[in-house]
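The sequence shown maps to residues 138 to 492 in the numbering used here.
Beta carbons: idealized from backbone N, C-alpha and C, even for Gly.
The structure displayed is predicted, hence computed values, not measured ones.
Here the structure comes first, spelled out in structure tokens, and everything after it is commentary.
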Amino acid sequence: MSATADLPDGLVQGLHHITLVTSNEEVNRRFYTEVLGLRRVKLTVNQDDIFHRHLFYANEKAETGSAITFFEWPDLPKGSTGLSSPHHLSYAVSSLEALSKWRNWLRSKGVSVTGPFARDGRVSLYLRDPDGVIVEITNRNHEGITQDYLRELQRDTSPVAAIDSEMRFTRFDHASPVTLNPDVTVRFLGRLLGLKNLVKLRNPDQESTSIVGVGREEQGDFLRYLASPTAPLGEVGTGSVHHIAMAVEDEDAQETVLKRLNSFGVHNSGVVDRFWFKSLYFRDPDGNLLEIATKGPGYSADEPLEKLGSRLVLAPWLEPRRLEIEGALSDLDASNARSWPPDFPAAPSPPESFG
Ligand SMILES: [Fe+2]
Ligand SMILES: [Fe+2]
């Protein structure tokens, strides 16, 4: 009997959301909506720090696996990537042509972008958001693509007037945390969550490191760890990934994970009600904060799909404190004004190297 034979198949179904830290709501919102074409699907506060915002952006239908969320913490120092502070995240697009359009669109907006690069069946562009977060834009399923073809893509410099439907991000492709020992990580994620090691390859961007992809056949390797025995310790701060959430179907599936964590003695938060979903937090062996979140009730639980994110919404238990919260947020804005567009940071090069 394998180590995961007692876990239901498909317990964890890919990514649910990825949460990061931004230093400024306005610059963050304008970048993720006007430049990257997502929509704001929830404007609320951090339930663990209620006088600071929690911002959610996602695809048009606010689907599971498409939401990037940010805690606005202007006073936090800049973060650094490494152990416990994941390196980058990647959004998927549906065609190679979309990558070419993205490159030209981003450049027209003053955003520095590198690529396309081909690795492991994926073709990707890379940029940094205004806080310095590395964002990859990926199209999958291109085994054996030639550098000539990529050069051809780069030659296309046709102007792009607007983000069209082909360019829209469909969902996350992967998140890339950092690990010291991928064998330990693979065993941990296999035994606790039933995930599989699908890929292991030398990192073309950094010879001394490897890429270890973990996931399941249906979604592919949605966690692509960057592995090095000398990986530095990272620090969560502005411009870094705070945690990575994976999706489970419902509360029963979440309960299965909770029992599993407890039976293996993995310290965890227990189930926390976030109103739009239920959450369960724990750390992997390298200190990366992971979350298991239920698909429901979903972002439409308190506002209609077409109006998502249009006003400040609070979980019902915070509603009695609305005036106090709104006052604190306007004080925060008054002391944290920024101009748009910002000076965009240079794109990472080589994009998937660290430390
Ligand atoms: Fe990547
Ligand atoms: Fe989360």
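Check: CA-to-CA distance, LEU175 to PHE193, given in whole angstroms; Outcome: 10 Å
Check: Where GLU428 sits in the DSSP three-state scheme; Outcome: strand
Check: Range of the contiguous beta strand (DSSP E) that encloses TYR263; Outcome: 259-265
Check: Integer-rounded CB distance, given that THR322 should sit under 8 Å from ASP423; Outcome: 7 Å
Check: Straight-line gap, GLN391 to LEU332 (C-alpha atoms, nearest Å); Outcome: 15 Å
Check: Residues bridged to HIS380 (per DSSP); Outcome: THR156
Check: Under the three-state DSSP convention, the category LYS246 falls into; Outcome: coil
Check: Closest residue to SER493 among VAL297, THR283, PHE208, VAL182 (Cα-Cα distance); Outcome: No statement about residue 493 is possible, as the shown extent of the chain runs from 138 to 492 and does not include it.
Check: Any non-hydrogen atom of ligand 1 within 7 Å of HIS225 CB; Outcome: yes
Check: Spatial distance of THR181 from PHE207 (CA atoms); Outcome: 10 Å
Check: HIS311 CB to nearest heavy atom of ligand 1 below 7 Å; Outcome: yes
Check: Where the beta strand (DSSP E) containing GLU209 begins and where it ends; Outcome: 204-209
Check: ALA430 beta carbon near ligand 2 (any heavy atom closer than 7 Å); Outcome: yes
Check: Distance between beta carbons of ILE187 and LEU455, contact taken as under 8 Å; Outcome: 6 Å
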